[in-house]
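What follows is a set of notes on a single structure, which appears directly below.
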Amino acid sequence: MNFEVTEEQKAIREGVAAVAKQFDDHYWGRKEAEESFPFEFHRAMAEGGWLGITMPEEYGGAGLGVTEASIMMNEVARHGGGSAAISTIHINLFGPHPIVVFGNSDQKSEWIPRLVSGKDQVCFGVTEPDAGLDTTRIKTFARKVDGGYIINGRKLWTSTAQVATKILILARTTPIEECRKPTDGMTIFYTDLDRSKIEVRKIPKMGRAAVDSNATFIDEYFVPDAHRIGEEGKGFSYLLHSLNPERILVAAEAIGMGHDALGRAARYATERVVFGRQIGQNQGIQHPLAESWIELEAADAITMKAAWLYDAGMSCGAEANAAKFLAARAAFTACERAVLTHGGLGYSKEYQVERLMREVMVFRIAPVTEQLILSFVAEKVLGQKKSY
Amino acid sequence: MKVLVPVKRVIDYNVKVRVKADGSGVDLANVKMSMNPFDEIAVEEAIRLKEEGVASEVVAVSIGVKQAQETLRTALAMGADRAILIVAADDVHTDIEPLAVAKLLAAVVKEEEPGLVLAGKQAIDNDMNATGQMLSALLGWSQATFASEVTIEGDHALVTREVDGGLQTIKAKMPCIVTVDLRLNEPRYASLPNIMKAKKKPLDEKTPDDYGVDVSPRLSIVKTAEPPTRKAGVKVGSVDELITKLKDEAGVI
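Printed below as a string of structure tokens:
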């Protein structure tokens, strides 16, 4: 067992930190207030080559694993950008995974370099109003026509669709009733997001105003055969490949945000003097902060373990889910404590922690809820009967 | 023209320095270490010279503990072509003195035959500000210290120096040693593709014995102490009171 951070991993952390530190609280506060996409941050990360961290080297990426991607995203989250900074680039890391693994060489050489350089931004059209985690119930349908498909349907929570140039769509190509298994009969398309033909409607939400989430309406949209990934009907199984990496990344991101909030709280606790002493000198203040550090570090340990398992080609479902569960809770609690440590000022926007607190909530819900994680562990690890 | 850039692994400038309990030095155990910021500026300048076509190769060299390999990888990730690590100490608390470093660098210079040595003006850990000057003396090369601007013109370097009261421009005959100051440039960050490339660049490991240099210390540290803590100030009620206090209590006017 070796917990030593490699030279390369250190260099990744420092390189990412150097980019992230150019964007201060003022920048992220302004992006939030103006609800404007952090293009400058996206560009800076693209210029540093960071968007290609998990992409194959032959297409301009670095070919690194989930471990390195987790380190990178953890660092992205530590410098005030919160989930806005994360979501600006998150989907780039594992969203295009089906293309990398199942796309043909023409598709890969045409699409991946553009994602690595930041020329293209992709959004993810999987979730639907009537099918969240129950993905097999999606209603979006791709009807085969000469030379391609006509797609109709609605997608929900399509993040970055206001700015993305590409969309990855999961659609049924065979009705569920006609499939042998519910997971059959779905197909993945990677195609242009033409907002003159696909309607993208912003969803007002609790946090992360800078990076949009949307309801997306696809109406008689033609997609050529060349934009289909892999075989027709196998889309769902392609998607499964990126589920565990995503959970691990989300865990690493949440932990980064938790550390950001905790750092702010610890700093404030040593600066703020009440009744003639630093407030952090009181155990009522210092103990909860210490507890958060312990929780975040514990979550980090299992997150890195899950990443290591994945990169070593071993099964990591339980660990990836456990990491997401622990990390989201630890980060949520750290942000809550950060607000409380700041007292009244924690409630004001000036001290940023209220923004982090609003943003951190999403990690407890997405990409998978705490309840489904518990059901997964109960069933797969502890041998209990499926409860849903 | 080849450019040689010495880089030192030092305590990160963001770290709050703590003195060891026995006063023998600064505590470096489990502390973040980075490339000396002035050396980063030197690396950046060397890479720019290469990009301009003035330099053909940039060689980074570090002298110290084995972990200085990380510092050299940083230089390689910024754009240096290859690196030489001279492992001269086992303990992270051992600081190789400027004269020994200068002697080792002089030996490296004789082997590598660079046209220019670009070094940081000083390391932020011990602030000796001596290595570049000593190297110049050992080699008999010209030196230009505290550079804020460097231009190579044929067999001369035009160097603007930050001196007390202004800027001085001097013309130094090549080959020469230039030590760089804070305002020369703003070092770049290592991009991911360059971090990946750095892994494959050559890094030679040597020892002081390979160069026949004795690195045993000639100085002994008598005491290391924290700076005195600043006493709280007082608020004055009026300009008159301030002047009175400055005159009578502080005795400065």
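As given, the protein sequences belong to chains H and B, one line each in that order. Residue 678 is where the first sequence starts when you use the numbering used here, and the numbers rise one by one after that. Residue 17 is where the second sequence starts when you use the numbering used here, and the numbers rise one by one after that. Backbone N, C-alpha and C fix where the C-beta goes; we use that ideal spot for every residue, glycine too. Computed from a predicted model, the values in this text were never measured in an experiment.
Exposed or buried, what is residue 978 of chain H when buried is set at 16 or more other beta-carbons lying within 10 Å of its beta-carbon?
When all chains shown are included, residue 978 of chain H counts as exposed.
Any idea if residue 900 of chain H is buried or exposed, counting beta-carbon neighbours within 10 angstroms, 16 or more meaning buried?
That one is buried.
Report the rounded CA-to-CA distance for residue 873 of chain H versus residue 903 of chain H, giving the unit in angstroms.
21 angstroms
Straight-line gap, residue 122 of chain B to residue 20 of chain B (C-alpha atoms, nearest Å)
One C-alpha to the other measures close to 11 angstroms.
Validate contact between the region 170 to 177 of chain B and the region 18 to 38 of chain B using beta carbons, cut 8 angstroms, 3 pairs
no
Between residue 78 of chain B and chain H, is the shortest Cβ-Cβ distance under 7 angstroms, so that the two count as touching?
No - not a single Cβ of chain H is within 7 angstroms of the one on residue 78 of chain B.
Where residue 1039 of chain H falls: helix, strand or coil (DSSP)
helix
Please look up how many angstroms separate the CB atoms of residue 779 of chain H and residue 915 of chain H, rounded, as I've assumed it's under 8 angstroms.
5 angstroms
Contact set for residue 997 of chain H: own chain, Cβ-Cβ below 6 angstroms, skip 5 residues either direction
921, 924, 925, 983
Within the 7 angstroms Cβ cut-off, does residue 694 of chain H reach chain B?
no
Supposed contact pair residue 102 of chain B and residue 224 of chain B - C-beta distance, whole angstroms, cut 8 angstroms
6 angstroms
State the Cα-Cα distance for the pair residue 155 of chain B and residue 194 of chain B, rounded to the nearest angstrom.
Distance from the CA atom of residue 155 of chain B to the CA atom of residue 194 of chain B, rounded to whole angstroms, is 13 angstroms.
Near residue 6 of chain B, what residues of its chain come up, given a Cβ to Cβ distance below 6 angstroms and the 5 sequence neighbours on each side ignored?
It is not possible to answer for residue 6 of chain B, since the shown part of chain B is limited to 17 through 269.
Does DSSP classify residue 216 of chain B as helix, strand or coil?
Of the three classes helix, strand and coil, the one that applies to residue 216 of chain B here is helix, per DSSP.
Using 7 angstroms as the threshold, is the C-beta distance between residue 692 of chain H and residue 96 of chain B below it?
7 angstroms or more divides the Cβ of residue 692 of chain H from the Cβ of residue 96 of chain B.
Grab me the residues of residue 841 of chain H's own chain with a C-beta within less than 7 angstroms of its C-beta, minus the 5 sequence neighbours each way, in chain order.
798, 799, 800, 870
With a CB to CB cut of under 8 angstroms and the five nearest residues on each side skipped, what residues in its chain are close to residue 1007 of chain H?
931, 932, 935, 969, 972, 973, 975, 976
For residue 57 of chain B and chain H, any beta-carbon pair shorter than 7 angstroms?
Chain H has no Cβ within less than 7 angstroms of the Cβ of residue 57 of chain B.
Indicate the three-state DSSP secondary structure (helix, strand or coil) for residue 235 of chain B in the structure shown.
Residue 235 of chain B falls in the coil class under three-state DSSP.
Can residue 78 of chain B and residue 88 of chain B be called in contact, C-beta distance under 7 angstroms?
Closer than 7 angstroms, so yes.
Is the CB-CB distance between residue 862 of chain H and residue 910 of chain H below 7 angstroms?
yes
According to DSSP, residues forming a beta bridge with residue 251 of chain B:
Paired residue(s): none; residue 251 of chain B is not in a bridge.
Given this structure, state the Cα-to-Cα distance separating residue 805 of chain H from residue 814 of chain H, to the nearest angstrom.
9 angstroms
Comparing C-alpha positions only, which one of H:980, H:945, H:687 sits nearest to residue 83 of chain B?
Among H:980, H:945, H:687, the Cα nearest to that of residue 83 of chain B belongs to H:687.
Using the beta-carbon of each residue, which ones in chain B are nearer than 9 angstroms to residue 729 of chain H?
208, 209
Output needed in chain order: residues of the region 230 to 258 of chain B with a Cβ under 9 angstroms from some Cβ in chain H.
none
May I ask you to list, following chain order, the residues of the region 68 to 97 of chain B that have a beta carbon less than 9 angstroms from some beta carbon of chain H?
85, 86, 89, 90, 93
Is it right to say residue 881 of chain H is buried, meaning 16 or more other beta carbons lie within 10 angstroms of its own, or is it exposed?
Label assigned to residue 881 of chain H: exposed.
Using Cβ-Cβ distances below 8 angstroms, what residues of the region 211 to 222 of chain B are close to chain H?
211, 212, 214, 215
Using the C-alpha atoms, what's the distance from residue 771 of chain H back to residue 790 of chain H?
15 angstroms
So, using beta-carbon positions, are residue 739 of chain H and residue 729 of chain H closer together than 7 angstroms?
In this structure, residue 729 of chain H lies closer than 7 angstroms to residue 739 of chain H by Cβ.
What residue from H:966, H:707, H:723, H:1009 has the CA that sits closest to residue 928 of chain H's CA?
H:1009
Does the structure place the region 693 to 705 of chain H close enough to the region 751 to 769 of chain H that three or more beta carbon pairs sit under 8 angstroms?
yes
Backbone CA spacing between residue 58 of chain B and residue 34 of chain B [nearest angstrom]
28 angstroms
Are any of the Cβ atoms in chain H nearer than 7 angstroms to that of residue 205 of chain B?
yes
Which same chain residues, not among the five before or five after residue 894 of chain H, have their C-beta less than 6 angstroms away from its C-beta?
831, 876
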